[in-house]
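Heads up, the sequence shown stops at 529 in the numbering used here, and the numbers go up one at a time, no gaps.
These notes are about the structure you will find just below.
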Amino acid sequence: MAIRTSGIISGLSASDFVSMKEKLADLQRQLGSGLKSETYGGLGPDRGFSLAFRASVSQMDSWQQSISLVMTRISIVDTSLTGIAKTVASTKTSMQPNEFTLSSGRTIGQVAAGDGLNAVVSMLNASDGTRYVFGGRKSATPPVLDAAIFLNGDNSKDGFKTVMLQRMQADLGVASATPEADPAATGRLNLSAAGTQPVTLAEDGTHAFGLKIGAASGAMDGIAVTSTAGPPASLSIATGAGNASPGQSLTLSFTLPDGSVETMTLTATEADAEVVASNEFRVGATSAETLDSLRATLGDQLGKLVGGKLAAASAVKAGEDFFKGETNPAALVGPPPVETGVAKRLVPGVSGTMADAIAYDTPQNAEAKTLRWYQGDRVSANPRATASAEIDSAQSIYYGVRADEEALRTAVQYMAVASSLRFNASDPNGLARYQALTPRVVTGLSMENGGQTVQSIQIEIAAANTAADSAKTRHGDRRAMLGALLTDIEGADDNEVAVNIMALKTNLQASYQTSSMLSQLSILNYMR
């Protein structure tokens, strides 16, 4: 008869053995994986903390990914802006007014400006591989056309050089292909014929083109000056009592298309003077002869002003017409409406040419026949807001940039103007024109009018980068803290697990031995 073992030693049932083996297997899994459980349910009451902490870590990882992408883009923008600033500075240095050695109609400074223009365009078309960073919200395609295209135009639309030529024709008053070198250019002023008295000088109409007559000053015996403010403004210079004396002078002022003001001083000199300066006129035997002499000098000085400073100012104004374009909302409203920045074009005058143009064309017509140098987003009011990223809870940064922002557009505009004019060594006004162009380009590239500069854009972008970097550090610190908490909640202590494994193995071994001994127990063995 066998003796019952049930109840003699507790914990030796089959289910107990299975439970102990499962516990051992789980401990061995913990030792291998380092985790207390493969499921959140196995964490018991700590599972809520684990889920919450992991959600926070996931959100921070998402922010960190955005921050990494944004900081890469900001780095590209900053590198481009730094390069643009250096190129602008180099171009300014190259534009030396007295360096007038020509090669293919351009000076060394102009060639440098052309190279700089290409470099700036390349930098404005910078991309991180997924986004053109200077296009605002329109970031899938390059924001700026190649310089060769927007300068020369394409088969369907005009480029800057056509706009500049037509503007110079309108300002200088001639329809030739080289109005700046045409001796017939008048600056849109009508000067009475030689021998005609009184001498009159008058604007040829009411419009925005050419020279605008300003004030006349100075006292001269035998000469009487009458001014009419207009528009159109005019001057009448007649004989008066007596005759001019050497050293007496008359000063006339003129406003140029770019807003600059030039003065012209005509000075009387001795009738028999051996050397007469370009702005001097000989005193005649009578006031009438003196006036004829004054008129001749006035005509010569006007020719130099027109072929020199007026031509340079006209080219600069053409740069504004093309690159800044039309910005007046009232003019752009249509119908149909036209986006800001379309080039300002002219309407031919009654002659059918731009020589007597008196008005700008409509933005709609200009859009149809003129290239836009900037192809990016033109709608957004704030360029920075065209690119944003959430970097923390309730914190976003704005780092968008547009190539048509004032500072960047100005760099493109003045380099294009500087590189596009052509000169001829035989042109008597060529040097004067170049000497009038260089300070205008240098001043424009200096961006010292109180407006935006390349550096001011960098400062704004740097602020976004600083915020992103601070958030990156903050997330890194918090993630490390949450990682430690998750390790405490989810992680298994190797030492504790090893001790439990040893204890469980010992218990299992003892249980197996006890069970084996009991399985061999019988009445016969018991009585032995």
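For glycine and all other residues, C-beta sits at the position ideal for the given N, C-alpha and C.
Since the structure is predicted, the reported quantities are computational estimates derived from the model, not experimental observations.
Exercise. Taking only the alpha-carbon atoms, compute the straight-line gap between Gly84 and Met124 and give it to the nearest angstrom.
Key: Along the sequence shown, read from residue 1 onward, the residue named residue 84 stands at position 83. Along the sequence shown, read from residue 1 onward, the residue named residue 124 stands at position 123. Roughly 8 Å between the two C-alpha positions.
Quiz item: Of the residues Thr291, Arg283 and Ala209, which one's Cα is nearest the Cα of Thr256?
Solution: Position 255 of the sequence shown holds residue 256. For the options Thr291, Arg283 and Ala209, the alpha carbon positioned closest to that of Thr256 is the one of Ala209.
Quiz item: Skipping 5 residues on each side, what residues in its chain have a beta carbon closer than 8 Å to that of Ile458?
Solution: Taking the first residue of the sequence shown as 1, we reach residue 458 at position 457. These residues qualify, in order along the chain: Leu82, Val402, Glu406, Ala408 and Leu409.
Quiz item: What are the start and end residues of the beta strand (DSSP E) that includes Tyr415?
Solution: What you label residue 415 is simply residue 414 of the sequence shown in a count that begins at 1. Not the beta strand (DSSP E): Tyr415 falls in the alpha helix (DSSP H), residues Glu407 to Ser421.
Quiz prompt | Beta-ladder partner(s) of Gln396, from DSSP | solution = Here residue 396 is taken as the residue at index 395 of the sequence shown, counted from 1. Its beta-bridge partners are Asp393.
Exercise. Give me whichever residues DSSP pairs with Met265 in a beta bridge.
Key: What you label residue 265 is simply residue 264 of the sequence shown in a count that begins at 1. Met265 is bridged to Leu253.
Exercise. Reducing DSSP to helix, strand and coil, say where Gly350 ends up.
Key: Looking up residue 350 in the sequence shown gives position 349. In this structure, DSSP gives Gly350 a state outside helix and strand, which the three-state scheme calls coil.
Exercise. May I ask you to report which of helix, strand or coil DSSP gives Ser140?
Key: Counting from 1 along the sequence shown, the entry for residue 140 is found at position 139. Ser140 falls in the coil class under three-state DSSP.
Quiz item: Is the region 347–357 in contact with the region 368–377, if contact means three or more CB pairs nearer than 8 Å?
Solution: In short, these stretches do not touch, since the Cβ pair count stays below three.
Quiz item: If you draw a straight line from the C-alpha of Val348 to the C-alpha of Thr328, how long is it?
Solution: By 1-based counting over the sequence shown, the position of residue 348 is 347. By 1-based counting over the sequence shown, the position of residue 328 is 327. Their Cα atoms are separated by approximately 19 Å.
Quiz item: beta strand (DSSP E) containing Phe282: first to last residue?
Solution: Numbered from 1 along the sequence shown, position 281 holds the residue referred to as residue 282. First-last of the beta strand (DSSP E) with Phe282: Glu281 to Arg283.
Self-check item: Three-state secondary structure (DSSP) of Gly160
Solution: As a working mapping, residue 160 is identified with position 159 in the sequence shown. Gly160: coil per DSSP, three-state reduction.
Self-check item: Alpha-carbon to alpha-carbon, Phe135 and Met265
Solution: Counted from its first residue, the sequence shown places residue 265 at position 264. Counted from its first residue, the sequence shown places residue 135 at position 134. C-alpha separation (whole angstroms): 45 Å.
Exercise. Give the straight-line distance between the Cα atoms of Ser16 and Gly49, rounded to the nearest whole angstrom.
Key: Within the sequence shown, numbered from 1, the residue matching residue 16 stands at position 15. Within the sequence shown, numbered from 1, the residue matching residue 49 stands at position 48. One C-alpha to the other measures close to 32 Å.
Quiz item: Excluding five sequence neighbours on each side, which residues of the same chain lie with their C-beta closer than 6 Å to the C-beta of Met61?
Solution: Taking the first residue of the sequence shown as 1, we reach residue 61 at position 60. Apart from sequence neighbours up to five positions away, the residues of its chain that approach Met61 with a beta-carbon distance below 6 Å are His476 and Arg480, ordered along the chain.
Exercise. Alpha carbon to alpha carbon, how far is Leu52 from Met2? Give it in angstroms, no decimals.
Key: As a working note, residue 2 is residue 1 in the sequence shown. As a working note, residue 52 is residue 51 in the sequence shown. Bear in mind that the predicted position of Met2 carries a pLDDT of just 38, short of 50, making it unreliable; the figure below should be weighed with that in mind. A straight line joining the alpha-carbon of Met2 with that of Leu52 spans about 59 Å.
Quiz item: Which residue or residues does DSSP assign as beta-bridge partners of Ala203?
Solution: By 1-based counting over the sequence shown, the position of residue 203 is 202. Ala203 is bridged by DSSP to Asn191 and Ser235.
Quiz item: Considering only the beta carbon of each residue, do Gly206 and Pro233 sit closer than 9 Å?
Solution: Taking the sequence shown and counting its residues from 1, one reaches residue 206 at position 205. Taking the sequence shown and counting its residues from 1, one reaches residue 233 at position 232. Yes; because the gap between Cβ atoms is below 9 Å, this pair is in contact.
Quiz item: Is the region 308–318 touching the region 425–436 in the sense that three or more CB pairs, one from each, lie closer than 8 Å?
Solution: The region 425–436 and the region 308–318 touch, with no fewer than 3 CB-CB distances between them shorter than 8 Å.
Quiz item: Would Asn466 be called buried (16 or more neighbouring beta carbons within 10 Å of its own) or exposed?
Solution: In the sequence shown, residue 466 corresponds to position 465, counting from 1. Buried, by the Cβ-count rule.
Quiz item: Run through DSSP, which three-state label would Gly115 get?
Solution: Taking the sequence shown and counting its residues from 1, one reaches residue 115 at position 114. The three-state secondary structure of Gly115, taken from DSSP, is helix.
Practice problem: Identify every residue that forms a DSSP beta bridge with Thr270. | Solution: If you number the sequence shown from 1, residue 270 lands on position 269. According to DSSP, which records beta bridges pairwise, Thr270 is partnered with Arg283.
Practice problem: Determine, using beta carbons only, whether Ala437 and Ala314 come nearer to each other than 9 Å. | Solution: Mapped onto the sequence shown, residue 437 falls at position 436. Mapped onto the sequence shown, residue 314 falls at position 313. Against a cut-off of 9 Å, the Cβ pair of Ala314 and Ala437 comes out as a contact.
Quiz prompt | Best match in Phe424, Leu446, Ile398 and Ser471 for proximity to Ile462 [C-alpha to C-alpha] | solution = Stepping through the sequence shown from its first residue, residue 462 is reached at position 461. Among Phe424, Leu446, Ile398 and Ser471, the Cα nearest to that of Ile462 belongs to Ile398.
Quiz item: For the alpha helix (DSSP H) that contains Val339, what are its first and last residues?
Solution: In the sequence shown, the residue the question calls residue 339 occupies position 338. First-last for Val339: undefined, no H or E at that position.
Quiz prompt | Per-residue burial, Gln170 [other beta carbons within 10 Å of its own, 16 or more giving buried] | solution = For the purposes of this step, residue 170 is identified with residue 169 of the sequence shown, where counting begins at 1. Its Cβ being crowded by 16 or more others within 10 Å, Gln170 is buried.
Quiz item: Is there contact here, the region 328–338 with the region 218–234, by at least three beta-carbon pairs under 8 Å?
Solution: The region 328–338 is not in contact with the region 218–234.
Practice problem: Give the DSSP-derived three-state secondary structure of Thr92 in the structure shown. | Solution: For the purposes of this step, residue 92 is taken as residue 91 along the sequence shown, with counting starting at 1. It is helical.
Self-check item: Straight-line gap, Pro330 to Val145 (C-alpha atoms, nearest Å)
Solution: Looking up residue 330 in the sequence shown gives position 329. Looking up residue 145 in the sequence shown gives position 144. Answer to the nearest angstrom: the Cα atoms are 23 Å apart.
Quiz item: How long is the line joining the alpha carbons of Ala113 and Val413, rounded to whole angstroms?
Solution: Stepping through the sequence shown from its first residue, residue 113 is reached at position 112. Stepping through the sequence shown from its first residue, residue 413 is reached at position 412. Straight-line Cα distance between these residues: approximately 13 Å.
Practice problem: Please report the residue range of the alpha helix (DSSP H) in which Ile150 lies. | Solution: Start at 1 with the first residue of the sequence shown, and residue 150 comes out as number 149. Ile150: member of the alpha helix (DSSP H) spanning Ala148 to Asn153, first to last residue.
Quiz item: Hey, which unbroken runs of the alpha helix (DSSP H) at 4 residues or more fall wholly within the region 429–472?
Solution: For the region 429–472, the continuous alpha helix (DSSP H) assignments of 4+ residues that do not extend past its boundaries occur at 431–447, in sequence order.
Quiz item: Alpha carbon to alpha carbon, how far is Val276 from Phe282?
Solution: Here residue 276 corresponds to residue number 275 of the sequence shown, with the count starting at 1. Here residue 282 corresponds to residue number 281 of the sequence shown, with the count starting at 1. Those two C-alpha atoms are separated by around 11 Å.
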